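Residue numbers (the UniProt record's numbering): 1 to 696.
We treat Cβ as the ideally placed atom computed from N, Cα and C, and that holds for glycine.
Just so we're clear, the structure is a prediction, and the values are computed from it rather than from any experiment.
Below is one structure, written out as structure tokens; the observations come after it.
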Amino acid sequence: MSVRDKKQQQLFTLKLMAPALKGAILKLNPVQLIKNPIIFIVALGAVLTSGIVIKELFAGQFSSFDFQITLWLWFTVLFANFSEAIAEGRGKAQAETLKKSRTQTKARRLVNGSEQMVWATELTRGDLVVCETGDVIPADGDVIEGISSVDESAITGESAPVIRESGGDRCAVTGGTKVLSDRIVIKVTSEPGDTFLDRMIALVEGAKRKKTPNEIALNNLLLGLTVIFLVAVVTLPPLFHYYALTAGIQSSLSLTVLIALLVCLIPTTIGGLLSAIGISGMDRLLQKNVIAMSGKAIEAAGDVDVLMLDKTGTITLGNRMATDFIPADSVSKEELANAAQLSSLSDETPEGRSIVILAKERFQLRERKIHENDITFIPFTAQSRMSGVDIKMPDGKIHSIRKGASEAIRKFVQTNNGFFPHNVNEKVHELASQGATPLVVAENDRVLGIIHLKDIVKGGIQQRFAQLRTMGIKTVMITGDNPLTAAAIAAEAGVDDFMAEAKPEDKLARIRSEQAQGHLVGMIGDGTNDAPALAQADIGIAMNSGTQAAREAGNMVDLDSNPTKLIEVVETGKQLLMTRGALTTFSIANDVSKYFAIIPAIATGLYAGSNGRGVLSVLNIMHLATPQSAILSAVIFNAIIIILLIPLALKGVKYRPLSSNKILTKNLLVYGLGGLIVPFIGIKLIDILLQALHLA
Numbered sequence: 001m002s003v004r005d006k007k008q009q010q011l012f013t014l015k016l017m018a019p020a021l022k023g024a025i026l027k028l029n030p031v032q033l034i035k036n037p038i039i040f041i042v043a044l045g046a047v048l049t050s051g052i053v054i055k056e057l058f059a060g061q062f063s064s065f066d067f068q069i070t071l072w073l074w075f076t077v078l079f080a081n082f083s084e085a086i087a088e089g090r091g092k093a094q095a096e097t098l099k100k101s102r103t104q105t106k107a108r109r110l111v112n113g114s115e116q117m118v119w120a121t122e123l124t125r126g127d128l129v130v131c132e133t134g135d136v137i138p139a140d141g142d143v144i145e146g147i148s149s150v151d152e153s154a155i156t157g158e159s160a161p162v163i164r165e166s167g168g169d170r171c172a173v174t175g176g177t178k179v180l181s182d183r184i185v186i187k188v189t190s191e192p193g194d195t196f197l198d199r200m201i202a203l204v205e206g207a208k209r210k211k212t213p214n215e216i217a218l219n220n221l222l223l224g225l226t227v228i229f230l231v232a233v234v235t236l237p238p239l240f241h242y243y244a245l246t247a248g249i250q251s252s253l254s255l256t257v258l259i260a261l262l263v264c265l266i267p268t269t270i271g272g273l274l275s276a277i278g279i280s281g282m283d284r285l286l287q288k289n290v291i292a293m294s295g296k297a298i299e300a301a302g303d304v305d306v307l308m309l310d311k312t313g314t315i316t317l318g319n320r321m322a323t324d325f326i327p328a329d330s331v332s333k334e335e336l337a338n339a340a341q342l343s344s345l346s347d348e349t350p351e352g353r354s355i356v357i358l359a360k361e362r363f364q365l366r367e368r369k370i371h372e373n374d375i376t377f378i379p380f381t382a383q384s385r386m387s388g389v390d391i392k393m394p395d396g397k398i399h400s401i402r403k404g405a406s407e408a409i410r411k412f413v414q415t416n417n418g419f420f421p422h423n424v425n426e427k428v429h430e431l432a433s434q435g436a437t438p439l440v441v442a443e444n445d446r447v448l449g450i451i452h453l454k455d456i457v458k459g460g461i462q463q464r465f466a467q468l469r470t471m472g473i474k475t476v477m478i479t480g481d482n483p484l485t486a487a488a489i490a491a492e493a494g495v496d497d498f499m500a501e502a503k504p505e506d507k508l509a510r511i512r513s514e515q516a517q518g519h520l521v522g523m524i525g526d527g528t529n530d531a532p533a534l535a536q537a538d539i540g541i542a543m544n545s546g547t548q549a550a551r552e553a554g555n556m557v558d559l560d561s562n563p564t565k566l567i568e569v570v571e572t573g574k575q576l577l578m579t580r581g582a583l584t585t586f587s588i589a590n591d592v593s594k595y596f597a598i599i600p601a602i603a604t605g606l607y608a609g610s611n612g613r614g615v616l617s618v619l620n621i622m623h624l625a626t627p628q629s630a631i632l633s634a635v636i637f638n639a640i641i642i643i644l645l646i647p648l649a650l651k652g653v654k655y656r657p658l659s660s661n662k663i664l665t666k667n668l669l670v671y672g673l674g675g676l677i678v679p680f681i682g683i684k685l686i687d688i689l690l691q692a693l694h695l696a
């Protein structure tokens with residue numbers, strides 16, 4: 001089972017539950033508990049009430065009330081520990097699948113031109129290794145010689161092989177993957193124990209998870225609230241004693257009641273779930289086959305307000321397709337299609353194949369017997385910007401057919417003493433202004449016409465950008481196209497802005513400019529020339545298929561190498577922030593409701609009349625049966641609500657692309673108002689149950 005094979009793991013399975021329960025108990029270690037101050041305070045309260053119960057037992061004064069409070073305080077601690085352990089367990093289960101792919105392999109190390117068999121663990125950065133068909137790649141590296149088909153399913157879960165070759169942006173290979181064809185030479189880029197797979201395992205297990213700045217800030221806020229409530233509770237006994245004296249009664253608050261009050265008023269719900277929310281955020285991103293190098297990166301994704309996206313492969317399909325043949329004057333479409341197809345028969349690019357297919361579909365030009373003629377194929381080069389064929393006819397004449405950029409064809413025709421028609425030139429400019437790519441076809445000194453190539457904008461991309469706009473996110477398309485073409489595609493795709501003829505230094509300058517204006521910027525890239533921009537961006541997503549430099553520069557790696565993942569990453573980041581905000585709102589609202597359960601209960605005897613009810617009994621709006629039942633019901637609800645909210649913490653609040661104001665309003669209505677109402681219902685139901693069972 002690979003990372004990709006985890007088809008939305010079920011939240012609670014026996015395989016996950018058993019280790020999580022064990023982990024919850026192990027986390028009772030004070031060294032572990034102190035990392036969560038709020039739950040640590042609850043644990044201290046449980047220890048104190050446990051001491052009280054033990055003392056009462058030895059004194060022969062057993063109190064069922066104190067025992068039940070103690071029991072539920074320990075459950076509160078265990079449930080909080082369980083939420084974190086179940087989240088960690090999901091990550092560790094995924095890590096186990098990765099460890100299975102990290103096999104001990106041998107490597108063929110090149111030393112002075114000869115091969116030496118060594119263990120993969122003996123390889124160091126800079127070593128050269130040879131891999132051939134069937135070999136497992138022993139370490140991370142870059143292909144420096146050859147081209148090969150590689151099976152990366154052990155890492156990505158995708159069974160389709162990928163091409164890795166030297167000298168390009170798809171040269172990076174990962175240790176543990178398998179060579180399916182040919183021979184490649186790899187330069188090792190990692191040290192033993194620090195491979196990409198090793199780092200993935202450590203991150204997935206949570207071993208390197210650090211609290212994010214937002215998480216630390218929220219923890220500090222919750223701790224501040226806890227200190228305030230602690231001070232308030234500590235001051236209650238003398239105040240209560242004073243009011244009891246003025247009322248002329250003998251009454252005092254027990255330590256057990258005070259601890260129960262404190263636990264119910266401090267934000268134990270979010271305190272118990274906060275860590276699980278952070279861990280599950282990384283887990284949800286991993287389910288999309290994206291490795292986040294830190295929780296901070298996911299949070300930053302949720303705050304990103306500028307997205308920079310490459311045009312090719314992200315906004316458009318990436319492969320320009322032939323859509324029409326536009327002949328010059330006195331040239332038929334069939335003649336143009338015939339010449340265009342001949343010039344493309346040896347062109348293995350997607351564009352070349354689409355020209356051949358279009359000619360077949362439109363004019364049934366197939367089964368060309370080119371072997372009967374003396375034909376020479378002319379490959380495309382960056383210098384000539386053309387490709388085509390030279391056909392030697394029976395009379396000895398050479399028919400030179402070329403297709404390529406308009407300026408290159410103009411020079412070709414003029415070299416053969418021909419001229420470039422004005423109407424063809426106008427049509428070239430018209431197509432370019434529409435975002436198309438015009439290729440001109442010529443035979444010797446005559447221009448035959450234009451092949452209309454179009455970079456197809458992905459279906460539904462406009463709607464995605466519209467959703468991002470409603471969230472207040474600005475989209476910027478980056479392309480090397482000329483400004484006219486870039487503007488046309490930008491308008492069709494619906495992006496907010498574009499950068500034409502963009503060079504690596506232009507991307508870096510634009511990112512810095514946006515950041516200087518206070519924006520958080522997200523970017524995606526795969527090449528060495530993208531590394532500076534990936535490092536500069538607040539969210540830099542490197543393609544797994546890209547260079548090692550790009551993978552090290554980014555703070556996320558997309559295992560699928562899918563450029564559109566940037567949008568999904570932003571959505572996951574926003575979902576994490578929404579979940580944390582929603583549960584914090586719910587937790588604080590809970591505390592307000594629990595106030596109406598416990599305060600009237602502990603003060604019901606003050607200024608009591610002949611019927612035993614005091615003036616503060618008016619606050620008992622839930623009409624709870626007895627003071628003991630009210631306090632116990634609140635403590636039980638406080639514990640149970642943590643376990644009930646674990647699925648929401650792990651799955652996350654359902655994400656919808658809305659503006660920040662709408663999200664805030666929705667959270668206040670659903671989780672704020674809900675947090676006020678739910679405890680009233682829950683505590684009342686528990687109170688009824690306790691009375692029915694005669695437990696209070």
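What does a CB cutoff of less than 7 Å around G146 pick up in its chain, not counting 5 residues either side in sequence?
Counting only residues of its own chain and dropping the five nearest sequence neighbours on each side, G146 has a CB closer than 7 Å to the CB of S166, D182, R183, I184 and V185.
Could you give the first and the last residue of the continuous beta strand (DSSP E) run that contains K106?
That run of the beta strand (DSSP E) goes K106 to V111.
Going along the chain, which residues of its own chain have a beta-carbon closer than 7 Å to the beta-carbon of M578, five neighbours each way excluded?
V653, Y655 and I663.
Using the Cβ count rule (16 or more neighbours within 10 Å means buried), how would you classify M622?
Counting the other Cβ atoms within 10 Å of the Cβ of M622 gives 16 or more, which makes it buried.
Short of 6 Å in beta carbon distance, which residues of its chain neighbour N444, apart from the five on each side in sequence? Order them along the chain.
Closer than 6 Å at the Cβ level, and outside the excluded window around N444, lie S400 and N416.
For a minimum of 3 consecutive residues, which ranges assigned as the beta strand (DSSP E) are wholly contained in the stretch 355 to 442?
Considered as a whole, the stretch 355 to 442 harbours 374 to 378, 386 to 392 and 398 to 404 as its complete beta strand (DSSP E) runs of no fewer than 3 residues, in chain order.
Determine the closest residue to G176 out of I163, R170 and G141, with distance taken between C-alpha atoms.
Of the candidates I163, R170 and G141, the one whose C-alpha sits nearest the C-alpha of G176 is G141.
Are there 16 or more other CB atoms within 10 angstroms of the CB of D374, so buried, or fewer, so exposed?
Answer is exposed; the Cβ neighbour count stays below 16.
From the beta carbon of L673, is the nearest beta carbon of chain D less than 8 Å away?
Here chain D cannot be found, since the structure has a single protein chain.
8 Å Cβ cutoff met for I450 and K427:
Contact: yes.
Please name the residue, chosen from G278, Y243, A232 and A85, that lies closest to P213 on a Cα-to-Cα basis.
Distances from the alpha-carbon of P213 to those of G278, Y243, A232 and A85 put G278 closest.
I'd like to know if the stretch 541 to 557 and the stretch 218 to 232 are in contact, where contact means that at least 3 CB-CB pairs between them fall below 8 Å.
Taking one beta carbon from each stretch, the stretch 541 to 557 and the stretch 218 to 232 have fewer than 3 pairs nearer than 8 Å; the two do not touch.
Report the residue from V129, A359 and P679 whose alpha carbon sits nearest the alpha carbon of G109.
As written in the sequence, residue 109 is Arg, which differs from the Gly given in the question. Distances from the alpha-carbon of R109 to those of V129, A359 and P679 put V129 closest.
Start and end residues, beta strand (DSSP E) containing R446
Here the beta strand (DSSP E) through R446 covers R446 to K454.
For a quick check, are the C-beta atoms of P267 and I588 less than 8 Å apart?
Their beta carbons are under 8 Å apart, which means P267 touches I588 by this criterion.
Please return the same chain residues whose Cβ sits closer than 6 Å to the Cβ of K684, not counting the five positions on each side in sequence.
Sequence-distant partners of K684 (beyond 5 residues in either direction) whose C-beta falls short of 6 Å from its own C-beta, in its chain, are M622.
Determine which residues share a DSSP beta bridge with S83 and list them.
According to DSSP, which records beta bridges pairwise, S83 is partnered with nothing at all.
Presumed contact (8 Å Cβ cut-off) between D481 and A500, rounded CB distance
The distance from the Cβ of D481 to that of A500 is about 6 Å, consistent with a contact at the 8 Å cut-off.
Out of L645, V424 and L262, which one is the CA nearest neighbour of R580?
Looking at the Cα atoms, L645 is the closest of the given residues.
Here's a check: name, in chain order, each residue in its chain whose Cβ is nearer than 6 Å to the Cβ of G682, leaving out the five neighbours to either side.
Closer than 6 Å at the Cβ level, and outside the excluded window around G682, lie F637.
Express the C-alpha separation of K507 and L26 in angstroms, rounding to a whole number.
Going from the Cα of L26 to the Cα of K507 covers about 49 Å.
DSSP beta-bridge partners of C131
Answer is I184.
How would you write the range of the beta strand (DSSP E) that A637 sits in, first residue to last?
Just to set this straight, residue 637 is Phe in the shown sequence, not Ala. Segment P627 to K651 is the alpha helix (DSSP H) holding F637; no beta strand (DSSP E) there.
CB V557 to CB I163, shorter than 8 Å?
Taking C-beta atoms as the reference points, V557 and I163 fail to come closer than 8 Å.
For the putative contact between A337 and F363, defined by C-beta atoms under 8 Å, what is the C-beta separation to the nearest angstrom?
Rounded, the Cβ-Cβ distance is 5 Å, consistent with contact.
Please report the distance separating the alpha-carbon of I602 from that of I259.
Roughly 12 Å separates the two Cα atoms.
DSSP state of A696, grouped into three classes?
A696: coil per DSSP, three-state reduction.
Straight-line gap, D591 to T49 (C-alpha atoms, nearest Å)
Spanning the alpha carbons of D591 and T49 requires a straight line of approximately 21 Å.
Is it the case that the Cβ atoms of S660 and G472 are separated by a distance below 8 Å?
Cβ distance < 8 Å, so S660 and G472 count as in contact.
Buried or exposed by the 16-neighbour rule on C-beta atoms within 10 Å, applied to M282
Counting the other CB atoms within 10 Å of its CB gives M282 a total of 16 or more, which places it among the buried residues.
For K586, which option in I567, A509, G672 and K565 has the closest C-alpha, if you only look at C-alpha atoms?
In the sequence on display, residue 586 carries Phe and not Lys. The residue with the shortest Cα to Cα distance from F586 is G672.
Excluding the five sequence neighbours on either side, which residues of its own chain have a C-beta within less than 8 Å of the C-beta of F67, listed in chain order?
The answer, listed in chain order, is V53.
Using 10 angstroms around the beta-carbon of S330, count the other beta-carbons present and answer buried if the total reaches 16, otherwise exposed.
By the neighbour-count rule (16 or more Cβ atoms within 10 Å), S330 is not buried but exposed.
For P438 and H452, I'd like the C-alpha separation in whole angstroms.
As the crow flies, the alpha-carbon of P438 is around 5 Å from that of H452.
Rounded to whole angstroms, what's the CA-CA distance from L222 to L286? Just pull it up for me.
About 29 Å.
With V53 as the anchor, note down where its alpha helix (DSSP H) starts and where it stops.
Here the alpha helix (DSSP H) through V53 covers P37 to F58.
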